[in-house]
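Q: Residue numbers (the working numbering), protein chains in the order written: chain X, 268 to 843; chain Z, 34 to 128. Every residue gets a Cβ at the ideal spot worked out from N, C-alpha and C, and that includes glycine. Before I ask anything, let me first share the structure, which is written out below as structure tokens.
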């Protein structure tokens, strides 16, 4: 058989068919090659990213907020991780027994959880924030679908209400909202970082790919505050506020040499660890943000102005009889008509008439300059939020009666912090150093305000004021020489002075031979009968000063003998 | 020629396997490192919490309360305080 001539093979196909086939096959290849080029070359980045997202993860690196310590390193504020429970309402399946257990764990009424999940109509809802990690673990064990947790930080304050106003607090996002927490937010805050890693099937991190942002831990802050003096000041202030049924109170302790704030407390206060039901009155950092008419505590500045001008010496006699002075339609009164008093005695007995007469002999500008240079009317620039600058009107608008009342601290308003700072002028031979909330290690350059001679003279007068012939014998401390001045002022209400509402204050320093500490105490509206600064505020000063001097290791500069107090009814009453 | 190729192939396979094992080992070690770092973090947190606890126990108000109530301590009266002058201390140091 001859296959070569098989009729089947005779069948000749047209050439175009094989060509078409070849074309189809090769175009198929061309498509594949094109696709390969597209995937490998042009579309590579997208695919690479997709691939990476299958195993790569970006994880957050949390950063702690810095700790706040006192000057000796005692912890005052520490951040520690807590959990927040949140839910996606559409996915939540909550059986009644589960709800009951969840409610018990979170210490919330079951009804509240239910309303939160069902009635908000949002995609994301917090059930409860800032719960302890142990509780969160037990919530996780309930395995409720649609319920999630995430990590947050919560700030704890071991000092509680004692330090509340100085430290302030942070909000839910660990951001400072009050006090030092707000003032030093940038210093304290940590910057969370993130990094890209490769995770395996078990969720373990097997490789570090890159660091996207390095985490930055918040820096610790060492305050000037001394926790021991602070708690002493707080407890003594609290005892006095309770005893005299005062509406509020404040105390400031300053180190004269460095300008450091060693203690600062206010009442009423609050517990920063539990801030449910806070009122505005509790939150107010009165010593810094509130101003008051200081009353007689301002007299030393008037006297210092007069001494500086050379118009008077401490022994110059001033006629204060008959114990009242009428200027225009207003009359200034003394508690007792004293007759002729030396300038020294005007401070010692706190005579309004005497101070007013001296003030009227001075140019208004020089008094205004004195108030300005000791810091009245200017923000103390301590860094606290809402620091008050007080009110000192420009001297050009002063009328004689105003100048006279300002001499004894009316018609002018200052904060307790300003008052304490201003007194450091007398304690430091006429110099002042700027205030500081943080610990000061290097000495700071003082600024001269008055001459050392004037400062020493006023210091002597202030020492007389706390001795038995003065208005504040209760400010004395055994073993130390103390100097200071009482203040009792009528409170202003709706533009007029309220008859039976007083602000009692005392500002002083010790030891007089080489002053170290200034303490200013203020009680607002004492209503338990006594309201003189010498009876209400001075004892607080004495107890706090005594403890603070002992705690700072200041050697006594006076013999250890019992304090002399004037007999009952013999006390020198201050003029208001 | 064929033998050389086979030898090279065997060498290549061995190298490839070596790479795989060392990669695996590296990852295992890295997992361990991660775990240790995690532990360090949690210890750091615990340290913070303990500091907090120590701070709470050492609060002055609490110490004072215990000193006065439970231990019946009080600050000595003025009569019983004797102040030692600083001079004696300086002399003591000089000797």
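#1: Taking the C-alpha atoms as reference points, what is the distance between residue 312 of chain X and residue 439 of chain X?
#2: Quick check: is the beta carbon of residue 536 of chain X nearer than 7 Å to any beta carbon in chain Z?
#3: Using a Cβ-Cβ cutoff of 7 Å, what residues of the segment 66-85 of chain Z are near chain X? List them in chain order.
#4: Given the structure, does residue 626 of chain X come close to the ligand GTP, in the sense that its CB is under 6 Å from one of the ligand's heavy atoms?
#5: Count the other CB atoms, across all protein chains shown, that sit within 10 Å of the CB of residue 125 of chain Z; report buried if there are 16 or more and exposed otherwise.
#6: Using 7 Å as the threshold, is the C-beta distance between residue 602 of chain X and residue 842 of chain X below it?
#7: Can a CB atom of chain X be found closer than 7 Å to the CB of residue 93 of chain Z?
#8: Over the uninterrupted alpha helix (DSSP H) stretch that includes residue 743 of chain X, give me the two end residues.
#9: Counting only C-beta atoms, is residue 510 of chain X closer than 7 Å to chain Z at any point?
#10: Let me know the alpha helix (DSSP H) ranges lying completely inside the segment 497-548 of chain X, each 4 residues or longer, listed in chain order.
#11: Are residue 600 of chain X and residue 93 of chain Z closer than 7 Å when you measure CB to CB?
#12: Of all the residues that make up the segment 811-843 of chain X, which are near chain A by a beta-carbon distance shorter than 7 Å?
#13: For residue 798 of chain X, does the count of other Cβ atoms within 10 angstroms reach 16, so buried, or fall short, so exposed?
#14: Measuring only between beta-carbons, confirm whether residue 127 of chain Z sits less than 7 Å from chain X.
#15: So what does DSSP say about residue 272 of chain X, is it helix, strand or coil?
#16: Using the three-state DSSP reduction, which class does residue 350 of chain X fall into: helix, strand or coil?
#17: Determine the DSSP secondary structure at residue 125 of chain Z, reduced to helix, strand or coil.
#18: Under DSSP, the beta strand (DSSP E) around residue 466 of chain X begins and ends at which residues?
#19: Leaving aside the five residues before and after residue 716 of chain X along the sequence, list all residues of the same chain whose C-beta is less than 7 Å from its C-beta, in chain order.
#20: Report the option in X:316, X:396, X:513 whose CA atom is closest to the CA atom of residue 854 of chain X.
#21: Would you kindly work out how many angstroms separate the C-alpha atoms of residue 128 of chain Z and residue 117 of chain Z, rounded to a whole number?
#22: Could you check what DSSP says for residue 691 of chain X in three-state terms: helix, strand or coil?
#23: Alpha carbon to alpha carbon, how far is residue 105 of chain Z from residue 672 of chain X? Give it in angstroms, no decimals.
#24: Measuring only the C-alpha atoms, how far is residue 402 of chain X from residue 527 of chain X?
#25: Between the Cα of residue 539 of chain X and those of X:618, X:580, X:498, X:427, spot the shortest distance and give me the residue it belongs to.
#26: Does any residue of chain X have a CB that is nearer than 7 Å to the CB of residue 64 of chain Z?
#27: Using beta-carbon positions only, say whether residue 643 of chain X and residue 685 of chain X come within less than 7 Å of one another.
#28: Can you give me the start and stop residues for the beta strand (DSSP E) that residue 808 of chain X sits inside?
#29: Which of the three DSSP states is assigned to residue 771 of chain X in this structure?
#30: Of the residues X:386, X:769, X:751, X:622, which one's Cα is nearest the Cα of residue 759 of chain X?
#31: So, are the CB atoms of residue 846 of chain X and residue 610 of chain X less than 7 Å apart?
#32: For residue 568 of chain X, does the count of other Cβ atoms within 10 angstroms reach 16, so buried, or fall short, so exposed?
#33: For residue 471 of chain X, which residues in chain Z fall below 8 Å Cβ to Cβ?
#34: Rounded to the nearest angstrom, what separates residue 681 of chain X and residue 774 of chain X at their Cα positions?
#35: Helix, strand or coil for residue 600 of chain X, going by three-state DSSP, please let me know.
#36: Tell whether a beta-carbon distance below 7 Å holds between residue 441 of chain X and residue 332 of chain X.
A: Taking the geometry as given:
#1: 40 Å
#2: no
#3: 67, 78, 81, 82, 84, 85
#4: This structure does not include the ligand GTP; it has no bound ligands of any sort.
#5: With a pLDDT of 46 at residue 125 of chain Z, under the threshold of 50, the modelled position of this residue cannot be trusted, and the question is left open.
#6: yes
#7: yes
#8: Careful: residue 743 of chain X lies outside any alpha helix (DSSP H) and carries neither H nor E.
#9: no
#10: none
#11: no
#12: This model lacks chain A altogether, as its protein chains are X and Z.
#13: buried
#14: Any answer about residue 127 of chain Z is weak, because its pLDDT of 42 lies below 50 and its placement is not dependable; what the coordinates show is given next. Not an interface residue.
#15: helix
#16: strand
#17: Low per-residue confidence applies at residue 125 of chain Z: pLDDT is 46, beneath 50, and the placement is therefore not dependable, though the value from the model is reported in the following sentence. In the structure shown, residue 125 of chain Z sits in a helix (DSSP, three-state: H, G or I).
#18: 460-466
#19: 640, 641, 692, 697, 698, 699
#20: Missing from the structure shown is residue 854 of chain X; chain X here goes from 268 to 843 and no further.
#21: Reliability of the predicted coordinates at residue 128 of chain Z is poor, the pLDDT of 41 falling under 50, and no value is obtained from them.
#22: helix
#23: 50 Å
#24: 42 Å
#25: X:427
#26: yes
#27: yes
#28: Segment 805-819 is the alpha helix (DSSP H) holding residue 808 of chain X; no beta strand (DSSP E) there.
#29: strand
#30: X:769
#31: For residue 846 of chain X there is no data in the structure shown, the boundaries of chain X being 268 and 843.
#32: buried
#33: 64, 67
#34: 13 Å
#35: strand
#36: yes
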